[in-house]
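Chemist: Before I ask anything, let me first share the structure, which is written out below as structure tokens.
There are 2 protein chains.
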Amino acid sequence: MISNRRFAIYRDNIIQKEGERERERERERETMESSSNPPTQIMIGVNQSSLRGYPHPSISSRTAFEWTVQKIVRSNAAGFKFLFLHVQIPDEDGFDDMDSIFASPDDFKRMNQKEKIRGLDLLQYFVECAHQFGIQCEAWIKKGDPKEVICQEVKRLQPDMLVVGSRGLGPFQRVFVGTVSEFCAKHAECPVITIKRKADEAPQDPIDD
Amino acid sequence: MISNRRFAIYRDNIIQKEGERERERERERETMESSSNPPTQIMIGVNQSSLRGYPHPSISSRTAFEWTVQKIVRSNAAGFKFLFLHVQIPDEDGFDDMDSIFASPDDFKRMNQKEKIRGLDLLQYFVECAHQFGIQCEAWIKKGDPKEVICQEVKRLQPDMLVVGSRGLGPFQRVFVGTVSEFCAKHAECPVITIKRKADEAPQDPIDD
Chain A
1 MISNRRFAIY RDNIIQKEGE RERERERERE TMESSSNPPT QIMIGVNQSS
51 LRGYPHPSIS SRTAFEWTVQ KIVRSNAAGF KFLFLHVQIP DEDGFDDMDS
101 IFASPDDFKR MNQKEKIRGL DLLQYFVECA HQFGIQCEAW IKKGDPKEVI
151 CQEVKRLQPD MLVVGSRGLG PFQRVFVGTV SEFCAKHAEC PVITIKRKAD
201 EAPQDPIDD
Chain B
1 MISNRRFAIY RDNIIQKEGE RERERERERE TMESSSNPPT QIMIGVNQSS
51 LRGYPHPSIS SRTAFEWTVQ KIVRSNAAGF KFLFLHVQIP DEDGFDDMDS
101 IFASPDDFKR MNQKEKIRGL DLLQYFVECA HQFGIQCEAW IKKGDPKEVI
151 CQEVKRLQPD MLVVGSRGLG PFQRVFVGTV SEFCAKHAEC PVITIKRKAD
201 EAPQDPIDD
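Chains A and B, in that order, give the protein sequences.
Each residue of the first sequence is one higher than the one before, starting from 1 at the first, in UniProt numbering.
Each residue of the second sequence is one higher than the one before, starting from 1 at the first, in UniProt numbering.
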């Protein structure tokens, strides 16, 4: 039989050890998500809806974003950083390349309405979505041929992976439309994952988005 | 000035509220990883080293597994389930198709040494790796043409994504060797991510693995 005093010491030891173990587990978890293990950087190519224009994202961009949050990030927001890249095809309006980077919803508010650049609403949409999930992000616009610019930006920034949406066109449609996703999957210098939009969300003409 | 008694009540309220908040956060985390949100199922195609044979995994299989753990699973082991599929090309030894599923290291120990099937060591290697990281998994062997069987199994099991390793062969080598990864990326009915092995790990002849 053990005395009350010995029992109290024994119990306190157990409690102390439990506490130590819990702190150890906490440290382990922190180490796994600490600066020595930087977040997984996921570049996501986004574009506007061809039917509805700015600021509406295309169905395939939205699907790619949602899939990445649900299937990869899950509850581990601190483990990931999103890099949203929107590539605009240059037109005769004299649109200038711009290199501003947007990382929080406030960055958009600071801009004068007049200064607002075509496509900025689209970035704002995705930056706000990411912030809702607590995922840190950066977003920027480039001009050029989307498939080539995406591959250049992958080379420059070396993300851990690239996510691109796809309209899932058949071989006949592809000949005329071309697919950015297929080119990137072949040429981008990082692992690439192509997310097809859901069949029930596709517009009547699959080329539209 | 507040009395000692009122202060004690005030303090206890704070502690209680902190506790409630912590429990709430805990519940939230649990909900995000609960049965209503099943783990992300990742199918990983694995094969043996062509140079060293069984039980050694190919460099590209190992690279694909390690990349998935480091970049996707990270510290969130409970959020994922791995499905290891090894497809063997049938030979004249009369190897029979077998449908046993292995989900823990013990499942291998239970088999009689005589019953051991070609390729089982390979599955054991990956199941043990997954268990070390606390990731639940299943593993099985099929025979047939790897690229076609992988696509059939994706259709049957509908994983959230498929990860395949690639030797990263150039276009000239590809003509003669063919790549499973390229076929799967095109035909598998789920998002596919191809992981190239690191250049510094490639054997002298890149066709070897």
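All residues carry an ideal CB built from backbone N, CA and C; glycine is no exception.
No experiment lies behind these values; they were computed from the predicted model shown.
1) Does the beta-carbon of residue 54(A) have 16 or more other beta-carbons within 10 angstroms, so that it is buried, or is it exposed?
2) How about residue 35(B): is its C-beta nearer than 8 Å to some C-beta of chain A?
3) At a Cβ cut of 7 Å, what residues of the region 74-85 of chain B count as close to chain A, listed as they run along the chain?
4) Whole angstroms is fine: what's the gap from residue 35(B)'s alpha carbon to residue 203(B)'s?
5) How far does the alpha helix (DSSP H) with residue 104(A) in it extend, from its first residue to its last?
6) My output table needs one value for residue 150(A): the three-state DSSP class, helix, strand or coil.
7) What residues in its chain sit with their C-beta under 7 Å from that of residue 155(B), if we drop five residues either side in the sequence?
8) I'd like to know whether the C-beta of residue 194(A) is nearer than 8 Å to at least one C-beta of chain B.
9) Please compile the residues from chain A whose C-beta is within a distance smaller than 9 Å of the C-beta of residue 40(B).
10) Is the CB-CB distance between residue 72(B) and residue 72(A) below 8 Å?
11) Can you tell me whether residue 198(B) is helix, strand or coil according to DSSP?
12) Compute the Euclidean distance between the alpha carbons of residue 121(A) and residue 108(A), then round it to the nearest angstrom.
13) Between residue 160(A) and chain B, is any beta-carbon pair separated by less than 8 Å?
14) Can you look up residue 35(B) in the DSSP assignment and give me helix, strand or coil?
15) Mapping the DSSP letters down to three states, classify residue 122(A) as helix, strand or coil.
16) Measuring only between beta-carbons, confirm whether residue 185(B) sits less than 8 Å from chain A.
17) Could you check whether residue 150(A) and residue 85(A) sit closer than 8 Å to each other, using their CB atoms as the reference points?
18) Taking residue 159(A) as the reference, give the member of 209(A), 77(A), 138(A) with the closest Cα.
19) Report the CB separation of residue 68(A) from residue 101(A) in whole angstroms; it is logged as a contact under 8 Å.
20) Where residue 70(A) and residue 76(A) are concerned, what is the direct C-alpha to C-alpha distance, given to the nearest angstrom?
21) Could you please give the first and the last residue of the uninterrupted alpha helix (DSSP H) stretch that includes residue 232(A)?
22) Quick check on residue 191(A) - is its C-beta less than 8 Å from some C-beta in chain B?
Modeler: If we stick to the structure as given:
1) That one is exposed.
2) Only weak support is given to the placement of residue 35(B): the predicted model assigns it a pLDDT of 49, under 50, and the value that follows is read from those uncertain coordinates. No, because no Cβ of chain A sits closer than 8 Å to the Cβ of residue 35(B).
3) Per Cβ criterion, the list reads 74, 75, 76, 79.
4) Residue placement at residue 35(B) cannot be trusted, given a pLDDT of 49 that sits under 50; what the coordinates show is reported in the next sentence. When the Cα atoms are used, residue 35(B) and residue 203(B) turn out to be separated by approximately 44 Å.
5) For residue 104(A), there is no enclosing alpha helix (DSSP H), as DSSP gives it neither H nor E.
6) Helix at residue 150(A).
7) Contacts found: 189.
8) For residue 194(A), the answer is yes, since a Cβ of chain B falls inside 8 Å of its Cβ.
9) Neighbours of residue 40(B) on chain A, chain order: 70, 71, 72, 74.
10) Yes; because the gap between Cβ atoms is below 8 Å, this pair is in contact.
11) It is coil, neither helix nor strand.
12) Residue 121(A) and residue 108(A): Cα-Cα distance of roughly 9 Å.
13) Judged by the 8 Å Cβ criterion, residue 160(A) is in contact with chain B.
14) Caution applies to residue 35(B), whose pLDDT of 49 falls short of 50 and renders its modelled position unreliable; the value that the coordinates give is listed next. Residue 35(B) falls in the coil class under three-state DSSP.
15) Helix, per DSSP.
16) Yes, because at least one Cβ of chain A sits closer than 8 Å to the Cβ of residue 185(B).
17) Contact flag set, yes.
18) Nearest option by C-alpha distance: 138(A).
19) That pair is no contact at about 20 Å.
20) In this model, residue 70(A) and residue 76(A) are separated by some 10 Å (Cα to Cα).
21) Lying outside 1 to 209, the shown extent of chain A, residue 232(A) is not represented and no answer is given.
22) The C-beta of residue 191(A) comes closer than 8 Å to at least one C-beta of chain B.
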